[in-house]
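Here's the structure we're looking at; comments come further down.
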Amino acid sequence: MDRARRRKFGQNFLDVPTAIAIAGDLPANEGEAVLEIGPGHGALTEHLLNRGVELTAVEIDEQCVEVLNGKFGDRKNFHITNIDFLKFDLQGFLDAHEKPWVTGNLPYNVSTAIIAGLMPRLYLTKGFMGMVQLEVAERICAAPCSSNYGSLSVLVSAFADTKILRKIGPEHFTPKPNVDSATMLLTPRTVPMDFKGADIDKFFDFVRAAFTQKRKTLSNSFGKAYDKKKIQEAIELLNYPATVRAEELSPEQFLEFYNVISPKFSS
Ligand code: SAM
0 MDRARRRKFG QNFLDVPTAI AIAGDLPANE GEAVLEIGPG HGALTEHLLN RGVELTAVEI
60 DEQCVEVLNG KFGDRKNFHI TNIDFLKFDL QGFLDAHEKP WVTGNLPYNV STAIIAGLMP
120 RLYLTKGFMG MVQLEVAERI CAAPCSSNYG SLSVLVSAFA DTKILRKIGP EHFTPKPNVD
180 SATMLLTPRT VPMDFKGADI DKFFDFVRAA FTQKRKTLSN SFGKAYDKKK IQEAIELLNY
240 PATVRAEELS PEQFLEFYNV ISPKFSS
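Be aware that the sequence shown starts at 0, since it is given in my numbering, and climbs by one per residue.
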């Protein structure tokens with residue numbers, strides 16, 4: 000076993016019964032496009048291909064790609080790209096495929112970056128069903144006012160309806176990770192959020208800043224990036240209680256707050 004490689008690429012491979020169960024949770028039908036991130040040795044891939052979906056796999060490790068080509072290279076519905084998913088032309092793929100499903104047992108070291116990059120384009124997909132570290136899934140799927148609610152929850156729930164599907168213990172992987180895992184279903188919001196022309200990247204910088212000192216009230220929770228007086232003025236203008244905290248604001252309220260604040264920061 001190449002331990003350094005496995006650690007570098009976050010490789011923990013699923014056992015067969017768990018892979019069958021997880022693949023069964025993806026509501027993709029025969030002939031539909033599926034994008035699988037990090038197929039590894041094909042634990043999920045095999046069961047998805049057997050259902051006749053058109054599967055494109057994106058895998059960073061050329062050794063895994065060799066294994067996958069050996070197993071599935073002769074199947075017409077199997078397509079593979081050997082690249083870091085963070086450098087993959089996702090928009091090009093989405094332009095070429097009608098509303099694909101996105102799936103994968105994500106490498107833990109880049110799972111947040113992958114999910115964050117996917118969210119603004121989630122409406123071009125049927126959704127994401129896949130696995131991350133349990134603690135990350137809990138943060139992603141947290142509701143306002145709950146202890147796990149933070150900037151990642153706001154970022155994802157601005158684009159997706161979220162649900163944790165399964166909790167998976169370390170014993171279902173080789174090698175065993177030190178953490179629990181969970182699968183989640185992220186589908187495009189039934190009521191899309193209207194960003195009203197706001198700059199999405201700047202909006203999320205603002206949300207992250209709001210959670211810098213999340214135990215404090217909103218007027219004190221921002222780092223030095225935003226002027227405290229202007230934050231207080233916005234809180235008054237919107238009739239929020241002076242004691243309001245970042246964790247109490249829904250994505251819609253964050254946007255409302257940002258749209259009051261943002262003209263004040265543009266010179
Ligand atoms: N899907 C397999 C399974 O469930 O058994 C493997 C999952 S393993 C947790 C994560 C996989 O993602 C590995 O195959 C790893 O090589 C691959 N990977 C890691 N970083 C990646 C990246 N940036 N882009 C694409 N694949 C990546």
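C-beta: ideal position from N, C-alpha, C; glycine also.
Counting beta carbon pairs with one atom in the stretch 154-164 and one in the stretch 111-121, are three or more of them shorter than 8 Å? yes
Per-residue burial, residue 138 [other beta carbons within 10 Å of its own, 16 or more giving buried]: buried
Proximal residues to residue 184 (C-beta, below 7 Å), its chain only, five neighbours per side dropped: 126, 128, 162 and 164
Please specify which runs of the alpha helix (DSSP H), each continuous and at least 4 residues long, are wholly inside the stretch 69-107, giving them in chain order. 89-95
Kindly list the residues whose CB is nearer than 8 Å to the CB of residue 29, restricted to its own chain and excluding five residues on each side of it in sequence; keep chain order. 50, 51 and 52
Going straight from the alpha carbon of residue 93 to that of residue 245, what length do you get? 34 Å
Excluding the 5 residues flanking residue 109 on each side, which residues of the same chain have their C-beta closer than 8 Å to its C-beta? 9, 84 and 85
Measure the C-alpha to C-alpha separation of residue 149 and residue 166 and round it to an integer number of angstroms. 21 Å
Endpoints, beta strand (DSSP E) assigned at residue 181: 180-187
Sorry if obvious, but does the Cβ on residue 226 come closer than 8 Å to a heavy atom of the ligand SAM? no
Extent of the continuous alpha helix (DSSP H) to which residue 155 belongs: 150-156
Does DSSP put residue 166 in a helix, in a strand, or in coil? strand
So, do the stretch 187-199 and the stretch 219-237 have three or more beta carbon pairs nearer to each other than 8 Å? no
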